[in-house]
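Residue numbers (our numbering), protein chains in the order written: chain F, 834 to 1180; chain X, 834 to 1180.
Number of protein chains: 2
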Amino acid sequence: MADSGTTGRNPKAGAQRDRPPTIRDVAELAGVATSTVSRALARPERVNPRTRVRIEEAAAQLNYVPSSQARGLSSGRTNAVAVLVPDITNPFYFDIIRGTQHQLKAAGVTQLLVDTEESSDMELDALHKMRKSADGFILAASRLTDAQLAEVSQSQPLVTFNRASTSAPTVMIDTPSAIIQALEHLASLGHHKVCYVAGPPTSWSNQMRWKVFEEDATKRGMEIHRIGPYTPKTTSGAAAADAAVRTGATGCIVFNDLLAIGMLQRLKARGIRVPADMSIIGSDDIFGADFCNPPLTTISSPIEQAGRVAVSMLLAQLNPLSGSAPRQLAVMPTHLTIRESTGPAPA
Amino acid sequence: MADSGTTGRNPKAGAQRDRPPTIRDVAELAGVATSTVSRALARPERVNPRTRVRIEEAAAQLNYVPSSQARGLSSGRTNAVAVLVPDITNPFYFDIIRGTQHQLKAAGVTQLLVDTEESSDMELDALHKMRKSADGFILAASRLTDAQLAEVSQSQPLVTFNRASTSAPTVMIDTPSAIIQALEHLASLGHHKVCYVAGPPTSWSNQMRWKVFEEDATKRGMEIHRIGPYTPKTTSGAAAADAAVRTGATGCIVFNDLLAIGMLQRLKARGIRVPADMSIIGSDDIFGADFCNPPLTTISSPIEQAGRVAVSMLLAQLNPLSGSAPRQLAVMPTHLTIRESTGPAPA
DNA sequence: AACCTTACGGCAAGCGGTTGCCAAAAGTTG
DNA sequence: CAACTTTTGGCAACCGCTTGCCGTAAGGTT
């Protein structure tokens, strides 16, 4: 009836006070080999129901938690996914982080959050340094070049968000449609002179937005302006607002809400009325867009859901299911949320 | 001159295409034992400068990145810290996450972000499940009871934020001072009937705020009301606003900005003017507090810095420096940021 | 020159799991 | 009931890195 042979440890009730129990302790208590415990936990069908129950009870009694480290070492998987965002300061990314966090947690995977500070070097660096500590990556608004992206995606599973890529699965926001809706809205309010307020030049979505803007506005015969680039923060809004006013445009489509809100503040300070004198359309519908002053008309998209989808796609890539090939592209729908920052063009 | 003996691998230029290089590959290339490589990387002074250089070059050439998993397994440290927040949805926590993220990254430690969904069970669970995968924990606004906290803090290093604890190092916000300042502000504007709009009952800071509010307002001879609890989200603002109006109070101190902003929206919808009819003071000075309508008077505190401090305290606990005992308590200063949601009491 | 320190680097035993391989046990079948 | 198949569980070799212990060569002392 030896209750604990080799080690001097005594796995008695709770066993909370000792050094954390290992798989060996469980095996001992259940009277089986460690390999059996391992199997009972990982592939239950591989072991006899009776022994399995015994093992589970032992594990529960010892309050056993497998070490993800050790598991990772031998299995080669970390059960963690890194999420890289350009700027953790930006509420937009919070939404996506929420989405990934949620879905990742549901899958029992740990989220490693990384702020790349809008720098492609940091991004590359993180990708490199963490290749051993994460099973896959989600690149939000990646600043990488196509070539870099292609290379990286070859050596590790990843999915990009808001950054088209031919080499990796991507979830995108339907920007073209969004811009067209926005322009349509402006047109229907009688605006003829429109301005695009640009964000970071390295941002793919910025390029995309401008491209569609230019095309569509031209098609409509509008007078087009473009100002920027601006860093996408409220603090850049003042400069952007001043520049926008100077173009003579009556309607602006702004790279993102942060910038747009900054502009709103400046315009108010300068006594320029929104929307009476100028209409502003933001993008992303971030937290705050609904209660700023005036509430911001903006391009909405289910960002949080986009995060979830990105995770699903990555997970599908990591655990290739039987049958269907994983989805390579998801496009999130957009719609224009019309609030009070847009109105009829001044006479 | 055997250039690669045992394994068939050929560590030639780049070696990017092979399976990732291990410490063994580096050792082989540099012509030393793996232990030496390990030391050269961890405690450079422990090896001869010449060999160290050789090793570093080898590592660089192979593009070697140590496996944090393996490192953790043998050293018993994970080089990761888990940050537990009650609600990742709440901008307030974003600020603290930013702070921890920043400081953690500076220390080369990975941040594991966990959303405990305002549940003490989930919190306990995470604490338990992750004890092997994190070296320490930062508990933001922990929902744990004192007893739980005491127990947990015994088995693993942690620091609490915005949750007093005698058992663990804590960083707090100087709530008493803040509430007193707020009340003083209200008093100076002629308000006599004040109302505290409560947040989650399990929130320590909520209890604290109420306690100080009650004390100080009583001392000033004000008429005191209390409504709530409300979930700290903008969506609860409507109910809170209606209830607040009903109390007849002319000045409200609200658990947090989220709730306060929600109230602002409702009051506006109901045609109740802020601050002409009612003054509102929020707490936290979150993103958006400055551009809501009207801009919110609120209790500000360097939240992001609090996150950094929390990390420092935790790190100090993990690597006990020679000399001084680590700090057990940090109190972040607060000040009242007066914007436009407070004004003279109605006549 | 003989002796003692020190600094440096190697050996090997783990850390806590996973997994391929194999033998014993249990279940089938004619 | 023997021969055969399928389950079930144990053995042991790793996974990649750290670290205590120890031998050796280099430098310092009288």
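Yeah, the Cβ is synthetic: ideal placement off N, Cα and C, and Gly gets one too. Fair warning: this is a prediction, and the values are worked out from it, not measured in the lab.
field: One or two residues paired with Leu946(X) in a DSSP bridge
entry: When DSSP reads this structure, Leu946(X) sits in a beta bridge with Val916(X).
Buried or exposed by the 16-neighbour rule on C-beta atoms within 10 Å, applied to Thr1068(X): Thr1068(X) is exposed by the Cβ-count criterion.
query: For a contact meaning CB atoms closer than 9 Å, what does Thr1130(F) contact in chain X?
result: Near Thr1130(F) there are no residues of chain X at all, since even the closest Cβ is about 15 Å away, more than 9 Å.
field: Rounded C-alpha distance that separates Leu895(X) from Phe927(X)
entry: When the Cα atoms are used, Leu895(X) and Phe927(X) turn out to be separated by approximately 38 Å.
task: Output, in sequence order along the chain, the residues in the segment 1032-1051 of chain X whose CB is closer than 9 Å to any CB in chain F.
output: Within the segment 1032-1051 of chain X, no residue has a Cβ that lies closer than 9 Å to any Cβ of chain F.
task: Please decide whether Ser868(F) counts as near chain X, where near means a Cβ-Cβ distance under 9 Å.
output: Put simply, the CB of Ser868(F) is far from chain X, with every gap to its CB atoms at 9 Å or more.
Chain F contact residues for Cys1125(X), given Cβ-Cβ distances below 8 Å: Within chain F, the residues near Cys1125(X) are Gly1121, Phe1124, Cys1125 and Asn1126.
- request: Consult DSSP for Ala973(X) and reduce its assignment to one of helix, strand or coil.
  value: Ala973(X) falls in the strand class under three-state DSSP.
message: Here's a check: name, in chain order, each residue in its chain whose Cβ is nearer than 7 Å to the Cβ of Pro1177(X), leaving out the five neighbours to either side.
response: Annotation for Pro1177(X): Leu1022 and Gly1023 place their beta carbon closer than 7 Å to its own, counting only its chain and skipping 5 residues before and after.
message: With a threshold of 8 Å, are at least 3 pairs of Cβ atoms found where one atom belongs to the segment 975-995 of chain X and the other to the segment 1083-1095 of chain X?
response: These segments do not touch.
query: How should Trp1037(F) be labelled, buried or exposed, when 16 other C-beta atoms within 10 angstroms of its C-beta is the threshold for buried?
result: By the 10 Å Cβ count, Trp1037(F) comes out buried.
task: Would you identify the three-state DSSP class for Thr1167(F), choosing helix, strand or coil?
output: Coil, per DSSP.
message: Here's a check: name, in chain order, each residue in its chain whose Cβ is nearer than 6 Å to the Cβ of Arg1042(F), leaving out the five neighbours to either side.
response: Closer than 6 Å at Cβ, skipping near neighbours: Thr1008 and Ile1012.
query: Using a Cβ-Cβ distance under 9 Å, would Leu991(X) count as near chain F?
result: Answer no: the Cβ-Cβ gap between Leu991(X) and chain F never drops below 9 Å.
Cα-Cα separation between Gly1070(X) and Ala1139(F), rounded to whole angstroms: Near 28 Å, if we compare the C-alpha coordinates of Ala1139(F) and Gly1070(X).
message: Closest to Leu1129(F) by C-alpha separation, out of Asn1152(F), Leu1092(F), Val1142(F) and Ala1143(F), would be which residue?
response: Among Asn1152(F), Leu1092(F), Val1142(F) and Ala1143(F), the Cα nearest to that of Leu1129(F) is on Leu1092(F).
message: Can you pull the chain X neighbours of Ala924(F), defined as C-beta to C-beta under 8 Å?
response: The displayed chain sequence assigns Pro, not Ala, to residue 924(F). Listed along chain X, the residues sitting closer than 8 Å to Pro924(F) by beta-carbon distance are Pro924, Phe927 and Phe1120.
task: Find the nearest neighbour of Arg1079(X) within the set Lys938(X), Thr1170(X), Arg1059(X) and Val916(X), judged by alpha-carbon distance.
output: Checked all of Lys938(X), Thr1170(X), Arg1059(X) and Val916(X); the closest Cα to Arg1079(X) is Arg1059(X).
- prompt: How should Arg1172(F) be labelled, buried or exposed, when 16 other C-beta atoms within 10 angstroms of its C-beta is the threshold for buried?
  reply: With 16 or more other Cβ atoms within 10 Å, it is buried.
task: Examine chain X for any beta-carbon lying closer than 9 Å to the beta-carbon of Ile1136(F), and answer yes or no.
output: The beta-carbon of Ile1136(F) is placed no less than 9 Å from the nearest beta-carbon of chain X.
- prompt: In terms of residue numbering, what span does the beta strand (DSSP E) encompassing His1058(F) cover?
  reply: Unbroken beta strand (DSSP E) run through His1058(F): Glu1056 to Ile1060.
- prompt: For Val916(X), which option in Thr1003(X), Thr933(X) and Pro1153(X) has the closest C-alpha, if you only look at C-alpha atoms?
  reply: The candidate whose alpha carbon is nearest that of Val916(X) is Thr933(X).
- prompt: Which residues in chain X sit within 8 Å of Val898(F), going by Cβ to Cβ distance?
  reply: His961, Lys962, Arg964 and Lys965, listed in chain order.
query: Count the other CB atoms within 10 Å of the CB of Asn1039(F); is the residue buried (16 or more) or exposed (fewer)?
result: When all chains shown are included, Asn1039(F) counts as buried.
task: With 7 Å as the limit, tell me which residues of the segment 892-918 of chain F have their beta carbon closer than that to any beta carbon of chain X; keep them in chain order.
output: Cβ contacts with chain X come from Val898, Ser900, Ser901, Gln902, Ala903, Gly905, Leu906 and Thr911.
Pairwise C-alpha distance: Arg1141(F) and Ala939(F): In a straight line, the C-alpha of Ala939(F) is about 10 Å away from that of Arg1141(F).
task: Let me know the beta strand (DSSP E) ranges lying completely inside the segment 1060-1109 of chain X, each 3 residues or longer, listed in chain order.
output: Runs found: 1084-1087.
message: I'd like to know whether the C-beta atoms of Gln989(X) and Ser953(X) end up nearer to each other than 9 Å.
response: No; because the gap between Cβ atoms is not below 9 Å, this pair is not in contact.
query: For Asn843(X), does the three-state DSSP call read helix, strand or coil?
result: At Asn843(X) the pLDDT is 37, less than 50, meaning the model places this residue with poor confidence and gives no usable figure here.
- prompt: Roughly how many angstroms lie between the CA atoms of Thr949(X) and Leu937(F), to the nearest whole one?
  reply: C-alpha separation (whole angstroms): 14 Å.
- prompt: If you draw a straight line from the C-alpha of Gly1104(F) to the C-alpha of Ala1143(X), how long is it?
  reply: Cα atoms of Gly1104(F) and Ala1143(X): separation of roughly 43 Å, rounded to the nearest angstrom.
- prompt: Is the distance from the Cβ of Ile929(F) to the Cβ of Gln1014(F) below 9 Å?
  reply: At a Cβ-Cβ threshold of 9 Å, Ile929(F) and Gln1014(F) do not count as neighbours.
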